[in-house]
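Protein chains: 2
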Amino acid sequence: MKSNKKDMSLLVVGSIAFDSVQTPFGKKDMALGGSASYAAMAGSYFCNTRIVGVVGDDFPQANLDLFEQHNICSKGIEIIEGKTFFWKGVYNDLNIAETLDTQLNVFADFDPQIPKEYESSEYLFLGNIHPTLQLRVLEQIEKPKIVACDTMNFWIDGERELLLEVIKKVDILFINEEEIKMLTQEKNVFMAASKACKMGAQLIIIKRGQYGAMAIGEDMLFYSPIFPVRAVVDPTGAGDSFAGGFMGFLTSKGKINKKIIKHAMIYGTIAASHTVESFSLEKLQNTDMKQIETRKKIIRDSVVF
Amino acid sequence: MKSNKKDMSLLVVGSIAFDSVQTPFGKKDMALGGSASYAAMAGSYFCNTRIVGVVGDDFPQANLDLFEQHNICSKGIEIIEGKTFFWKGVYNDLNIAETLDTQLNVFADFDPQIPKEYESSEYLFLGNIHPTLQLRVLEQIEKPKIVACDTMNFWIDGERELLLEVIKKVDILFINEEEIKMLTQEKNVFMAASKACKMGAQLIIIKRGQYGAMAIGEDMLFYSPIFPVRAVVDPTGAGDSFAGGFMGFLTSKGKINKKIIKHAMIYGTIAASHTVESFSLEKLQNTDMKQIETRKKIIRDSVVF
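In structure tokens:
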């Protein structure tokens, strides 16, 4: 017998990885990374969170423990024989990552299996994975209330048709500025967003790196600036943290409207600000609602007139 | 005998030019341009404005009439034998101008003479001209209350010492993001702004093109977004219009504080939005306070949460 209770958890599907990153501020080897890790951690400050992903048998128990400590359910993390997805990159300019090595390892055959108890999830974030996998997840979720997805130039270029099918099925599209122009063949960002809205997603969240983010929907335009971080140590995961913070707040409210979207944008911004202040999830996993609300006040003062 | 009456006009010193511009939206030949023209026109919606500049005897009376119609006093415009400053450029990408031709003409020997009746000006905007000329203007103004200047990479590179002398004497520095990084040798924009504040100007206004602008001072951070213009016809003069709108509003208030700075940033943004919607000053010269206030409401809704 089915329960009528609302399922107020955020389900995150995406990559879980080891990252080796070098920036002008130093370097860090084999640290926890991946879109799902960042997004789930950011979301965990606002709601119960669930991860679906795959790791190898080299994945430390300490990382699973970290998730559990943050009320991130890791039952959906499949552990299979082999090595965890590995990415190595360097940022010379802090705005552009140069990939030095990518080893998909167990992620190459990732076939997301949604645990029975997750099927009733109402809030879903599909991290940047192959559109086919994003569609496969959607098939397994009974009746999602809000679905958001992220994507990247690689899929826009190589899997356009499948990606358009995903966009038709989601409510919110997270995408960066260059990518939305590429997707829509429009040079003006406002024109591009309008066109993307017509593709299916009602709300387009445009990530602009050091320039913040924009939310555009029919009858909606909202800018969030960046929190003034004076030392960006490592930008890896900023976009995923943004999406996770945004979706976590949305999930906690249990509904969506303009006001909630605006606040979600600000919480996403704050999550991203923590992420860029350290390598890996170090700062993001060690913040709290008090720090988050302090940053919210600073942001408010920097935009309200 | 000196009057104690406050002089609530904005004095603008800078270039007055003919521009020939080509953009993806079309082209326009020999149209009114120059930093002083844009800044004074933008400021004229808020206060009485005065221009100091130089033109050739080919400068049409219609342009002088246009200034007068907007209460822009043109007594400080020197008309000398020869041709007016001419600039020709093309924007392939709407964010970067490519210069095809520059003919300084009468501007080559520009030596700004401040008319006697302007010497009491309390609000002064020094457009982007040689730092020596900016200093020469400052010598002629009795007791300015607020001085702002604009500059560019050319002077940062070639006239660093003189430019630093100017910055020491001004209250507000308008500068674009790449340029402030160049000036301060800092990669992080917040670090760069702090360093620039220590050079003398108490308020740094960083122009970020399609990403809006930031005001940074001790204990102050404010972001203004851009007004959502869907067709940027010609970005020439956007920065000068921003500065003019900002300074015009400041002049109209007769004082400066955080709240006034924030509103000035928004009026600067709106002036720039009108400028980019047409070639030359076409839209900027044809707006009114009703349109300006409508845009202000739209901007407010796009940032307030």
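These protein sequence lines are chains A and B, in that order.
Taking my numbering, I'd label the letters of the first sequence as residues 46 to 350.
Taking my numbering, I'd label the letters of the second sequence as residues 46 to 350.
C-beta atoms are modelled at their ideal positions from N, C-alpha and C, and glycine is treated no differently.
When every heavy atom of the ligand PLP is checked, does at least one fall within less than 7 Å of the C-beta of residue i?
i, result
"T94 of chain B", "Here there are no bound small molecules, and the ligand PLP is not part of this structure."
Does chain A have any CB closer than 8 Å to the CB of residue i?
i, result
"V349 of chain B", "yes"
"L295 of chain B", "no"
"M236 of chain B", "yes"
"R275 of chain B", "yes"
"Y256 of chain B", "yes"
"Q336 of chain B", "no"
"R95 of chain B", "no"
"T229 of chain B", "no"
Can you tell which of the options has its C-alpha closest to the C-alpha of residue i?
i, options, result
"M197 of chain B", "B:F112, B:V211, B:F267", "B:V211"
"K72 of chain A", "A:M334, A:M244, A:V135, A:T332", "A:V135"
"L56 of chain B", "B:F170, B:M334, B:L183", "B:F170"
"L109 of chain B", "B:K128, B:S82, B:I191, B:D264", "B:S82"
"S269 of chain A", "A:Q330, A:E184, A:A309", "A:A309"
"A260 of chain A", "B:D346, B:A258, B:K243, B:S286", "B:D346"
"E224 of chain B", "B:K213, B:A238, B:K214", "B:A238"
"I141 of chain B", "B:F324, B:I337, B:Q255, B:D285", "B:Q255"
"G262 of chain B", "B:Q247, B:I251, B:I271, B:K120", "B:Q247"
"K304 of chain B", "A:K214, A:K300, A:V349", "A:V349"
"F272 of chain A", "A:T281, A:V321, A:I301", "A:V321"
"S119 of chain B", "B:Y163, B:N150, B:L149", "B:Y163"
"I191 of chain B", "B:F199, B:F63, B:S165", "B:S165"
"I311 of chain A", "A:V151, A:L178, A:K133, A:K341", "A:K341"
"E184 of chain A", "A:M334, A:Q158, A:F152, A:D64", "A:Q158"
"K128 of chain A", "A:I186, A:D195, A:F63", "A:F63"
"M75 of chain A", "A:N233, A:E126, A:T332, A:K133", "A:K133"
"K213 of chain A", "A:H319, A:F267, A:Q179", "A:Q179"
"Y90 of chain B", "B:T339, B:I343, B:M334", "B:M334"
"E126 of chain A", "A:F112, A:E143, A:N150", "A:N150"
Mind checking whether residue i and residue j have CB atoms under 8 Å apart?
i, j, result
"I361 of chain B", "I220 of chain B", "Examination of residue 361 of chain B is not possible in this model, given that chain B is present from 46 through 350 alone."
"C92 of chain A", "G293 of chain A", "yes"
"T68 of chain A", "L139 of chain A", "yes"
"L208 of chain A", "I201 of chain A", "yes"
"V66 of chain A", "D279 of chain A", "yes"
"R253 of chain A", "E222 of chain A", "yes"
"A317 of chain B", "F70 of chain B", "no"
"D156 of chain A", "I124 of chain A", "no"
"G79 of chain B", "F130 of chain B", "yes"
"A107 of chain B", "I96 of chain B", "no"
"S325 of chain B", "L77 of chain B", "yes"
"G313 of chain A", "A258 of chain A", "yes"
"G245 of chain B", "V215 of chain B", "yes"
"I306 of chain A", "I337 of chain A", "no"
"S323 of chain B", "A87 of chain B", "no"
"A288 of chain A", "D195 of chain A", "yes"
Spell out the partners DSSP gives residue i in its beta bridges.
i, result
"K72 of chain A", "A:Q67"
"G98 of chain A", "A:I122"
"W200 of chain B", "None, per the DSSP bridge assignment."
"Q185 of chain B", "Paired residue(s): none; Q185 of chain B is not in a bridge."
"Q229 of chain A", "According to the sequence displayed, residue 229 of chain A carries Thr and not Gln. Paired residue(s): none; T229 of chain A is not in a bridge."
"T144 of chain A", "A:G134"
"L248 of chain B", "B:I217, B:G262"
"I45 of chain B", "In the structure displayed, chain B extends from 46 to 350; residue 45 of chain B sits before or after that span and is not available."
"V58 of chain B", "B:V97, B:L171"
"F267 of chain B", "B:A260"
"G127 of chain B", "DSSP, once it has assigned bridges, lists no residue as partnering G127 of chain B."
"L329 of chain B", "For L329 of chain B, which the question treats as bridged, DSSP gives no partner whatsoever."
"L295 of chain A", "L295 of chain A pairs with nothing; no bridge assigned."
"I117 of chain B", "B:T94"
For residue i, return the contacting residues in chain E, with the cut-off set at a CB-CB distance below 7 Å.
i, result
"Y268 of chain B", "Within the model displayed, chain E is absent; protein chains A and B are what it includes."
Any beta-carbon of chain B closer than 8 Å to the one on residue i?
i, result
"N233 of chain A", "yes"
"R340 of chain A", "no"
"K226 of chain A", "no"
"R205 of chain A", "no"
**Asked** Of all the residues that make up the region 147-181 of chain A, which are near chain B by a beta-carbon distance shorter than 9 Å?
**Response** Cβ contacts with chain B: none found.
**Asked** When you check each C-beta in the region 294-316 of chain B against every C-beta of chain A, which residues fall closer than 8 Å?
**Response** K304, K307, H308, M310, I311
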